[in-house]
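*Asks:* So the sequences go chain by chain: A and B.
Numbered per my numbering, the first sequence spans residues 71 to 182.
Numbered per my numbering, the second sequence spans residues 10 to 123.
Note that the Cβ used here is the ideal one computed from N, Cα and C, for glycine as well.
These numbers were taken from a predicted model, which means no experiment stands behind them.
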Amino acid sequence: ETGVTQSPTHLIKTRGQQVTLRCSSQSGHNTVSWYQQALGQGPQFIFQYYREEENGRGNFPPRFSGLQFPNYSSELNVNALELDDSALYLCASSNSRADTQYFGPGTRLTVL
Amino acid sequence: AQSVSQHNHHVILSEAASLELGCNYSYGGTVNLFWYVQYPGQHLQLLLKYFSGDPLVKGIKGFEAEFIKSKFSFNLRKPSVQWSDTAEYFCAVIDNTNAGKSTFGDGTTLTVKP
């Protein structure tokens with residue numbers, strides 16, 4: 071059984087640029103959630119995709135957008151990057167919308 | 010808005026000491042409750058969960074948690090910690106009326122001295 075994978079591992083961007091982060095869900099999982107984790111804080115919910123539809127969204131501006139593909143992998147896109155977007159971005163997959171989440175290793179984004 | 014509070018930011022214990030980590034949440038409806046753990050260099054992983062039924066739930070590695078609905082609490086316990094329990098522990102809540110959204114606490118770092 072393949073776990074959740076994320077790419078890239080690390081990324082450095084400059085303010086105003088756009089970034090795409092990718093996530094492959096665990097085999098058999100149809101739900102993917104994305105989180106932003108700043109240093110010393112818990113994961114902050116960005117949004118969830120369930121069967122290719124956005125199922126819930128946290129308090130993040132519209133420049134944070136996502137996509138889920140038919141194979142249930144997912145992308146997180148962030149436009150017009152700001153310095154405060156520097157964080158660890160976590161992807162988690164699950165069997166359903168309210169069940170146990172299986173986390174990937176994260177993508178460390180640095181915005182200069 | 011729903012929130013989760015973990016009152017202990019950093020706990021330091023000696024091996025064999027008992028552990029209790031507090032978790033309180035703000036939402037009064039039906040919730041699913043989780044404790045996740047992140048060992049050094051590893052991904053976040055599930056320690057235990059509560060959906061319904063017996064409010065005392067047991068997880069991996071001898072951990073347990075008790076759901077007290079009247080106190081909006083889901084505290085994590087272990088009678089005797091080991092050095093290998095050194096990790097960061099996160100409490101998380103899913104509101105079942107808004108099943109897509111998880112709320113995490115800010116985590117508690119546990120250091121167990123050998």
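1) Between which two residues does the beta strand (DSSP E) holding Gln87(A) run?
2) Can you check whether the CB of Leu151(A) is closer than 8 angstroms to the CB of Lys83(A)?
3) Can you tell me which of Leu53(B), Gly50(B), Val46(B) puts its alpha carbon nearest to the alpha carbon of Leu85(B)?
4) Leaving aside the five residues before and after Pro64(B) along the sequence, list all residues of the same chain whose C-beta is less than 8 angstroms from its C-beta, in chain order.
5) Please classify Gly126(A): does DSSP put it in a helix, a strand, or coil?
6) Which residues in chain B sit within 7 angstroms of Gly128(A), going by Cβ to Cβ distance?
7) Compute the beta-carbon to beta-carbon distance between Leu91(A) and Gln76(A), rounded to the nearest angstrom, for a pair I have assumed lies under 8 angstroms.
8) Return the CA-CA distance between His99(A) and Phe113(B), expressed in angstroms with no decimal places.
9) Which residue marks the beginning of the beta strand (DSSP E) containing Cys100(B), and which one marks its end?
10) Scan the stretch 153-176 of chain A for residues whose Cβ lies nearer than 9 angstroms to a Cβ of chain B and list them as they occur along the chain.
11) Would Gln11(B) and Ser27(B) be called neighbours here (beta carbons separated by less than 8 angstroms)?
12) Could you list which residues in chain A have their beta carbon closer than 9 angstroms to that of Phe99(B), in chain order?
13) Say whether the stretch 57-71 of chain B touches the stretch 19-33 of chain B, bearing in mind that this needs 3 or more beta-carbon pairs closer than 8 angstroms, one atom from each stretch.
14) What residues are listed by DSSP as bridge partners for His80(A)?
15) What does the Cβ neighbour count give for Arg167(A), buried or exposed, with the cut at 16 atoms within 10 Å?
*Replies:* To lay it out plainly:
1) Neither: Gln87(A) is in no beta strand (DSSP E) and is coded neither H nor E.
2) Less than 8 angstroms divides the Cβ of Lys83(A) from the Cβ of Leu151(A).
3) Ranking the options by Cα distance to Leu85(B), first place goes to Val46(B).
4) Take Pro64(B), set aside five residues on each side of it, and the residues of its chain with a beta-carbon closer than 8 angstroms to its own are Glu75, Phe76, Ile77, Lys78, in chain order.
5) In the displayed model, Gly126(A) falls within a strand according to three-state DSSP.
6) In chain order: Lys110.
7) So it is a contact: roughly 7 angstroms between Cβ atoms.
8) Distance between His99(A) and Phe113(B), taken at the CA atoms: about 21 angstroms.
9) 96-104 is the span of the beta strand (DSSP E), which, as asked, contains Cys100(B).
10) Identification of residues in the stretch 153-176 of chain A having a C-beta nearer than 9 angstroms to some C-beta of chain B yields Leu160, Ala162, Ser166, Arg167, Ala168, Asp169, Thr170, Gln171, Tyr172, Phe173, Gly174, Pro175, Gly176, given in sequence order.
11) With respect to Ser27(B), Gln11(B) sits apart: the two C-beta atoms are not nearer than 8 angstroms.
12) Per Cβ cutoff of 9 angstroms: Gly112, Pro113.
13) No, the stretch 57-71 of chain B does not touch the stretch 19-33 of chain B.
14) Under the DSSP definition of a beta bridge, His80(A) partners with Arg178(A).
15) By the neighbour-count criterion, in which 16 or more other beta carbons inside 10 Å mark a residue as buried, Arg167(A) falls on the buried side.
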